[in-house]
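Everything on this sheet refers to the single structure shown next.
2 protein chains.
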Amino acid sequence: MSEPLRIALAGLGTVGGGVVRLIEANAALIARRAGRPIIITAISARNRGRNRGFDTTRYAWEDDMVILGERDDVDVVVELVGGADGPALALARTTFDAGKALVTANKAMIAHHGIELATRAEAAHTALKFEAAVAGGIPVIKALKEGAAANRLHRVYGILNGTCNYILSTMEDTGRDFAAVLDEAQQKGFAESDPSFDIDGIDAAHKLAILSSIAFGTAVDFAAVTVTGIRRVLAADIAQADALGYAIRLIGMAQVSTDAHGQRRLFQRVHPHLVPRDHPLAHVDGATNAVVAEGDYVGRLLFQGAGAGDGPTASAVVADLIDIARGDIGAPFSIPAAELEHAAPADAGLRSGKAYMRFTVADRPGTLAEIAAAMRDAGVSIESLIQTGRIDVAGETRALVSLVTHDGPEAAIAEALRLLDGSPSLAEPPLVMHILAD
Amino acid sequence: MSEPLRIALAGLGTVGGGVVRLIEANAALIARRAGRPIIITAISARNRGRNRGFDTTRYAWEDDMVILGERDDVDVVVELVGGADGPALALARTTFDAGKALVTANKAMIAHHGIELATRAEAAHTALKFEAAVAGGIPVIKALKEGAAANRLHRVYGILNGTCNYILSTMEDTGRDFAAVLDEAQQKGFAESDPSFDIDGIDAAHKLAILSSIAFGTAVDFAAVTVTGIRRVLAADIAQADALGYAIRLIGMAQVSTDAHGQRRLFQRVHPHLVPRDHPLAHVDGATNAVVAEGDYVGRLLFQGAGAGDGPTASAVVADLIDIARGDIGAPFSIPAAELEHAAPADAGLRSGKAYMRFTVADRPGTLAEIAAAMRDAGVSIESLIQTGRIDVAGETRALVSLVTHDGPEAAIAEALRLLDGSPSLAEPPLVMHILAD
Numbered sequence: 001m002s003e004p005l006r007i008a009l010a011g012l013g014t015v016g017g018g019v020v021r022l023i024e025a026n027a028a029l030i031a032r033r034a035g036r037p038i039i040i041t042a043i044s045a046r047n048r049g050r051n052r053g054f055d056t057t058r059y060a061w062e063d064d065m066v067i068l069g070e071r072d073d074v075d076v077v078v079e080l081v082g083g084a085d086g087p088a089l090a091l092a093r094t095t096f097d098a099g100k101a102l103v104t105a106n107k108a109m110i111a112h113h114g115i116e117l118a119t120r121a122e123a124a125h126t127a128l129k130f131e132a133a134v135a136g137g138i139p140v141i142k143a144l145k146e147g148a149a150a151n152r153l154h155r156v157y158g159i160l161n162g163t164c165n166y167i168l169s170t171m172e173d174t175g176r177d178f179a180a181v182l183d184e185a186q187q188k189g190f191a192e193s194d195p196s197f198d199i200d201g202i203d204a205a206h207k208l209a210i211l212s213s214i215a216f217g218t219a220v221d222f223a224a225v226t227v228t229g230i231r232r233v234l235a236a237d238i239a240q241a242d243a244l245g246y247a248i249r250l251i252g253m254a255q256v257s258t259d260a261h262g263q264r265r266l267f268q269r270v271h272p273h274l275v276p277r278d279h280p281l282a283h284v285d286g287a288t289n290a291v292v293a294e295g296d297y298v299g300r301l302l303f304q305g306a307g308a309g310d311g312p313t314a315s316a317v318v319a320d321l322i323d324i325a326r327g328d329i330g331a332p333f334s335i336p337a338a339e340l341e342h343a344a345p346a347d348a349g350l351r352s353g354k355a356y357m358r359f360t361v362a363d364r365p366g367t368l369a370e371i372a373a374a375m376r377d378a379g380v381s382i383e384s385l386i387q388t389g390r391i392d393v394a395g396e397t398r399a400l401v402s403l404v405t406h407d408g409p410e411a412a413i414a415e416a417l418r419l420l421d422g423s424p425s426l427a428e429p430p431l432v433m434h435i436l437a438d
Numbered sequence: 439m440s441e442p443l444r445i446a447l448a449g450l451g452t453v454g455g456g457v458v459r460l461i462e463a464n465a466a467l468i469a470r471r472a473g474r475p476i477i478i479t480a481i482s483a484r485n486r487g488r489n490r491g492f493d494t495t496r497y498a499w500e501d502d503m504v505i506l507g508e509r510d511d512v513d514v515v516v517e518l519v520g521g522a523d524g525p526a527l528a529l530a531r532t533t534f535d536a537g538k539a540l541v542t543a544n545k546a547m548i549a550h551h552g553i554e555l556a557t558r559a560e561a562a563h564t565a566l567k568f569e570a571a572v573a574g575g576i577p578v579i580k581a582l583k584e585g586a587a588a589n590r591l592h593r594v595y596g597i598l599n600g601t602c603n604y605i606l607s608t609m610e611d612t613g614r615d616f617a618a619v620l621d622e623a624q625q626k627g628f629a630e631s632d633p634s635f636d637i638d639g640i641d642a643a644h645k646l647a648i649l650s651s652i653a654f655g656t657a658v659d660f661a662a663v664t665v666t667g668i669r670r671v672l673a674a675d676i677a678q679a680d681a682l683g684y685a686i687r688l689i690g691m692a693q694v695s696t697d698a699h700g701q702r703r704l705f706q707r708v709h710p711h712l713v714p715r716d717h718p719l720a721h722v723d724g725a726t727n728a729v730v731a732e733g734d735y736v737g738r739l740l741f742q743g744a745g746a747g748d749g750p751t752a753s754a755v756v757a758d759l760i761d762i763a764r765g766d767i768g769a770p771f772s773i774p775a776a777e778l779e780h781a782a783p784a785d786a787g788l789r790s791g792k793a794y795m796r797f798t799v800a801d802r803p804g805t806l807a808e809i810a811a812a813m814r815d816a817g818v819s820i821e822s823l824i825q826t827g828r829i830d831v832a833g834e835t836r837a838l839v840s841l842v843t844h845d846g847p848e849a850a851i852a853e854a855l856r857l858l859d860g861s862p863s864l865a866e867p868p869l870v871m872h873i874l875a876d
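Quick look at the structure:
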């Protein structure tokens, strides 16, 4: 058997601990599949003294994690610190400067600095791998880069945030409202004490920006992702969607198209969607992730699994290490970073589809007529409209009016919202959710 | 850009034509992802004159496909002829003897001769790849070999035959009986004119034997797969399963366990199962395939997509070619063939679970009592039992009695069937379907 692959681990939190346990527990199996042993030589974390459930003295310790990349006894640095910038980014740069490979679960860093880091890795003829950054344990980066490599992919979308999916599917199962379920999710450890990164859709947007680059050969463009989170979804919306044959899921969606001038355009959006019950994503419950990719030859592929947690994330990290041990040093984004296309963002207004709109209104005559008139004037065609119930908003009783549109341009919906903007009939801005189309 | 990878194609039927079209249509994309062009240099098929929808004169022609492996202008042979033995096997051997790589969609050949061929490929330091042999376009071989490589997998199962799934899900949707749906499937091209290979479960068993080898590091053992097809499933069974909260699917399942003597045992079975409605496989409809793999760190992964057809199969074939072009020549079964474990088959009688049993009985007093007594005497505990309807069997009106057992050993069910064997109350042998457990 060949020389071992020697790794250094930066960050010993939940995921870092999982990586150490996995490499120790499955060492023989990993060595057989990798063709050589994978061993940890050095580690670094913020607090040396903390009890981590394994014997840290077996590995060399560095107080300054950035040093890990420069050690002679390290072939690959595994970065599990997190954060788009700061020590993680410094460590990544040092690692490539030293000609070593980097494996990371850091979606924020890859979404913001992926092209820079890929360029550095390619210049050093070494690997940058980040399977764990998207959809946890699901090997979806590999599936798109390699498994579906022969295809022109035109759309990739999915459930990319386990916290949001846990909250939405629990709201669906229990009929409870967002705040109560979030509270419970925090107590159970499914949501952070500051949950905004997850529930406002930022985490899903990081993953989507990475996925779309891999899928379409476009440069990562996180800034162009349009993001709406799930804070405003009511139990009443979920009940109404259910009655219409839909489940509500936070969907990240990316699509390439060619505009009227023949230019490729990239559409990227994270947004709560109504998903038809006969679509597999409608049955993805709990903290699970799922990604759909559509290719010109393979058709529709679906990949589903645990989107977070120490075990699944460690599984993805070590799969990357096994690839590196086997000599697989491909371009981080499937094609060389310099060849990635800089596609302009698509105009969402030109997209066509069905949408769900919910209005929280004062319960008085004329409100429905006002909404209907705005739809008519904006050219939005209504498929169904019902007044679904009453809720208490800041001590006032309000009625809820939900409608589903026929297929039509998103620009028309935006125009209808503009016409209704500031109307005294509306107690709060309307909630719009797109309906996932096949 | 480096030298092109030169391939020869044996077999120009539906899949072969798809491979040619894909390589021609996506040539630029494939070259970017592979790092070099992939070009076809030579082809062979039974009938040279047939119109195949592309210009065959652009490629060198061999009447004898076995010669393809010996040509100087060929790096990889793509075998799409089919058949476990005969020309396909001769071509594979010639190819490795000449030190060239082989890509194949031939599940029968890999299920029967996979270890011999892997041994030859490894001795020649070349690649044997067969992503297209299992689950069509779904990159599940890659996902298990590489994506989940860090895990000890303990169970792998799924819907491995699109024809059976089309028939079962159409029976479910329409309430029609097996024969009528099979007839329609044949007219639509979803089933062969001789459908026995599919509907008797042999095709799924080939795929399962390959999957379990990859998943568990055991030698391919097709002969040890227990196989039951779907011919005997009635519309009444599907209706009864539906009323109980299950869908019926043909499931291939493989599992490793350790017996009382500490020996690893391999369980492999293709069998119609009752799948709980809250399991993702219950929602896999039409000619789709889906594979579930359970690992010690990653948890449960699900991969779903088109299981057959020219486009999806070509996608998998060309993905293998891109891997080879990138220099990825790993062990065909993930670990070297000589290291694959020869695990003895598991004793199914020791397995525990719930089962559905359906009896077609003479509609007269005492029949139910006889069945109930056999269950009692065999130690099978009954969770529910109902008489579901009447059918006509060979001109006689028969009643259908269905029951679901509590969790219990499969040996007890076998004993109950033995006790009822030859009973004049039964118009035909009972149908047993296992219930998929989480």
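Each protein sequence line maps, in turn, to chains A and B. Our numbering numbers the first residue of the first sequence as 1 and each following residue consecutively. Our numbering numbers the first residue of the second sequence as 439 and each following residue consecutively. Cβ coordinates follow ideal geometry from the N, Cα and C atoms, glycine included. All values derive from a computational prediction rather than experimental measurement.
| Check | Outcome |
| --- | --- |
| Kindly provide the ranges of any beta strand (DSSP E) runs that are 3 or more residues long and lie completely inside the stretch 325–371 of chain A, ordered along the chain. | 355–362 |
| Can you tell which of A:Ala247, A:Arg249, A:Leu266 and A:Gly349 has its C-alpha closest to the C-alpha of Gln255 of chain A? | A:Leu266 |
| What number of angstroms, rounded off, separates the C-alpha of Pro280 of chain A from the C-alpha of Asp611 of chain B? | 17 Å |
| Drop a sphere of 10 angstroms on the beta-carbon of Ser213 of chain A, count the other beta-carbons inside from all chains shown, and report buried for 16 or more, exposed for fewer. | buried |
| When the Cα atoms are used, what is the spatial distance from Thr826 of chain B to Thr751 of chain B? | 41 Å |
| Which residues in chain A sit within 7 Å of His945 of chain B, going by Cβ to Cβ distance? | One cannot answer for residue 945 of chain B here, as it falls past the ends of chain B, which runs 439 to 876. |
| Apply the 10 Å Cβ neighbour rule to Arg486 of chain B and answer buried if 16 or more other Cβ atoms are within range, or exposed otherwise. | exposed |
| Would you say His112 of chain A reaches chain B, if we count a Cβ-Cβ gap shorter than 8 Å as a contact? | no |
| Please list, in chain order, all residues of the same chain as Thr126 of chain A whose beta carbon is under 7 Å from its beta carbon, the five residues on each side excluded. | Phe96, Gly99, Lys100, Ala101 and Ile329 |
| Compare the beta carbon distance of Ala445 of chain A and Ala60 of chain A with 8 Å and say whether it is the shorter of the two. | For chain A, the structure presents residues 1 to 438; residue 445 of chain A sits outside this window and is missing. |
| Taking a contact to mean a Cβ-Cβ separation below 8 Å, would you say Lys567 of chain B touches Ile762 of chain B in this structure? | yes |
| Just checking, does the stretch 550–559 of chain B make contact with the stretch 497–511 of chain B on the three C-beta pairs under 8 Å criterion? | no |
| Going by Cα to Cα distance, which pick from B:Ala776, B:Cys602 and B:Ala720 is closest to Gly745 of chain B? | B:Cys602 |
| Under 8 Å Cβ-Cβ, which residues of chain A neighbour Ala757 of chain B? | Glu146, Gly147, Ala148, Ala149 and Ala150 |
| If you follow the alpha helix (DSSP H) that Gln625 of chain B is part of, which residue opens it and which one closes it? | Phe616 to Lys626 |
| Find the nearest neighbour of Val227 of chain A within the set A:His206, A:Asp237 and A:Leu244, judged by alpha-carbon distance. | A:His206 |
| For the beta strand (DSSP E) that Pro276 of chain A lies in, which residues bound it at each end? | Arg264 to Pro276 |
| Just verifying my parser: in three-state terms, what is the DSSP assignment at Phe741 of chain B? | strand |
| What does Glu777 of chain B reach in chain A if we use C-beta pairs closer than 9 Å? | Arg32 |
| Closest Cβ-Cβ distance between Phe628 of chain B and chain A: below 8 Å? | no |
| What would DSSP say about Thr612 of chain B, mapped onto helix, strand or coil? | helix |
| Rounded C-beta distance between His844 of chain B and Glu866 of chain B? I'm assuming under 8 Å. | Rounded, the Cβ-Cβ distance is 25 Å, inconsistent with contact. |
| Whose C-alpha, out of A:Tyr157, A:Ser425 and A:Leu417, is nearest the C-alpha of Val443 of chain A? | Since the displayed chain A opens at 1 and closes at 438, residue 443 of chain A lies outside it and no answer follows. |
| Please state whether the Cβ-Cβ distance between Val619 of chain B and Met609 of chain B is less than 8 Å. | yes |
| Do Gln268 of chain A and Ala290 of chain A have their C-beta atoms closer together than 8 Å? | no |
| How many angstroms separate the CA atom of Ile230 of chain A from the CA atom of Gly309 of chain A? | 21 Å |
| Please state whether DSSP places Ser425 of chain A in a helix, a strand or coil. | coil |
| Does DSSP put Ser212 of chain A in a helix, a strand or coil? | helix |
| If we define contact as Cβ-Cβ less than 8 Å, is His721 of chain B a contact residue for chain A? | yes |
| Take His342 of chain A and list the residues in its own chain whose beta-carbon comes closer than 6 Å to its own, dropping the five residues that flank it on each side. | Ala219 |
| Which stretch, first to last residue, makes up the beta strand (DSSP E) that contains Met503 of chain B? | Per DSSP, Met503 of chain B belongs to no beta strand (DSSP E) and is neither H nor E. |
| Please report the Cβ distance between Ala90 of chain A and His112 of chain A, rounded to the nearest whole angstrom; I am assuming they are in contact, meaning their Cβ atoms lie under 8 Å. | Incorrect: roughly 14 Å between the Cβ atoms, too far for contact. |
| Does the beta carbon of Lys567 of chain B sit closer than 8 Å to a beta carbon anywhere in chain A? | no |
| With a threshold of 8 Å between beta-carbons, can Lys142 of chain A be considered close to chain B, or not? | yes |
| Using DSSP with H/G/I as helix, E/B as strand and the rest coil, what is Pro409 of chain A? | strand |
| So, for Ala757 of chain B: in the same chain, excluding its five sequence neighbours on each side, which residues have a beta-carbon less than 7 Å away from its beta-carbon? | Glu569 and Pro577 |
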